[in-house]
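The sequence shown begins at 73 in the numbering used here and counts up by one. By construction, the Cβ of each residue, glycine as well, lies at the ideal position given by its N, Cα and C atoms.
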Amino acid sequence: MVTARDIYFKQAKIQDLTDLTILKRLGFKPGIRDENINNFVHTMRAFPGGFLMMKLKPHWDNIGYVCNEIWREYPQSPEEMQKHFDLNHDIDHTHYPYGELLYICSMVVHPMYQGMHLGHLLLEECLTKLPRSHPKLKGAVLIVNEEWLPAVSICKYFGFKEKDRINGFFKAFGCDAKDGIIMEKNL
Ligand SMILES: CC(C)(COP(=O)(O)OP(=O)(O)OC[C@H]1O[C@@H](n2cnc3c(N)ncnc32)[C@H](O)[C@@H]1OP(=O)(O)O)[C@@H](O)C(=O)NCCC(=O)NCCS
Numbered sequence: 073m074v075t076a077r078d079i080y081f082k083q084a085k086i087q088d089l090t091d092l093t094i095l096k097r098l099g100f101k102p103g104i105r106d107e108n109i110n111n112f113v114h115t116m117r118a119f120p121g122g123f124l125m126m127k128l129k130p131h132w133d134n135i136g137y138v139c140n141e142i143w144r145e146y147p148q149s150p151e152e153m154q155k156h157f158d159l160n161h162d163i164d165h166t167h168y169p170y171g172e173l174l175y176i177c178s179m180v181v182h183p184m185y186q187g188m189h190l191g192h193l194l195l196e197e198c199l200t201k202l203p204r205s206h207p208k209l210k211g212a213v214l215i216v217n218e219e220w221l222p223a224v225s226i227c228k229y230f231g232f233k234e235k236d237r238i239n240g241f242f243k244a245f246g247c248d249a250k251d252g253i254i255m256e257k258n259l
């Protein structure tokens, strides 16, 4: 059993890219994951403090990650919604460091370590640290697949509420499309 004392958070670096790619593939099915590795690199550069690796002591293995961006505000038009929630979008087109809304883009815990409360620690790390470094933040938002029950459960634990739903948003290859639930909380 791994607990909070066994883990440590560190900003993602270029040398983490291989582990990040593996974690992403373990976490998300083809068709609903961003396959463009450059987008990871852009996120590291645009918002280094918002891209965190979860490391396991004593060897500092990467066992999870969470990456974030900051939006000026919640998207106001269908075009803006599409641009911001596009799973393949480039942070350079949406990130605004002085914005009000934290967007939690992606988080994964390696399947070997799931169910040990580490997903809670990942989200808690973002929700406590980032508002301190970015005091203009007023809220946090993310989009989850209706099927990702652990993710939905963690979001509810931290007070996220359903704000919107995009029918058939998640289209994994060879699977029925699933709704995307947009969840939001005040900070
Ligand atoms: C989401 C994810 C990061 C959670 O990591 P984790 O370390 O397993 O999470 P935790 O152990 O902290 O919490 C999981 C919670 O889900 C609950 N859960 C697990 N399976 C569930 C199910 N089938 N139905 C409802 N709740 C479930 C657990 O009971 C636990 O809640 P609790 O602590 O209140 O009991 C991990 O499942 C993952 O990487 N999933 C794939 C990618 C993903 O879905 N990312 C989130 C979207 S951005």
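Per DSSP, residue i is paired with what?
i, result
"methionine 126", "Phe81, Gly136"
"isoleucine 253", "Val216, Arg237"
"methionine 179", "Val138"
"phenylalanine 242", "Lys250"
"asparagine 160", "The partner list for asparagine 160 (beta bridge, DSSP) is empty, contrary to what the question assumes."
Alpha carbon to alpha carbon, what distance is there between residue j and residue i?
i, j, result
"glutamate 234", "tyrosine 168", "24 Å"
"phenylalanine 157", "glycine 187", "27 Å"
"leucine 89", "histidine 182", "15 Å"
"glycine 99", "lysine 208", "31 Å"
"valine 224", "isoleucine 176", "13 Å"
"lysine 96", "alanine 118", "20 Å"
"arginine 237", "aspartate 251", "7 Å"
"leucine 193", "tyrosine 170", "25 Å"
Is the CB-CB distance between residue i and residue j below 9 Å?
i, j, result
"leucine 128", "valine 74", "yes"
"phenylalanine 230", "glutamate 196", "yes"
Closest Cβ-Cβ distance between residue i and chain B: below 9 Å?
i, result
"proline 120", "As a matter of chain content, chain B is missing from the structure shown, which is built from one protein chain."
Under a three-way DSSP split, which group does residue i fall into?
i, result
"leucine 202", "helix"
"glycine 171", "coil"
"glycine 211", "strand"
"asparagine 110", "helix"
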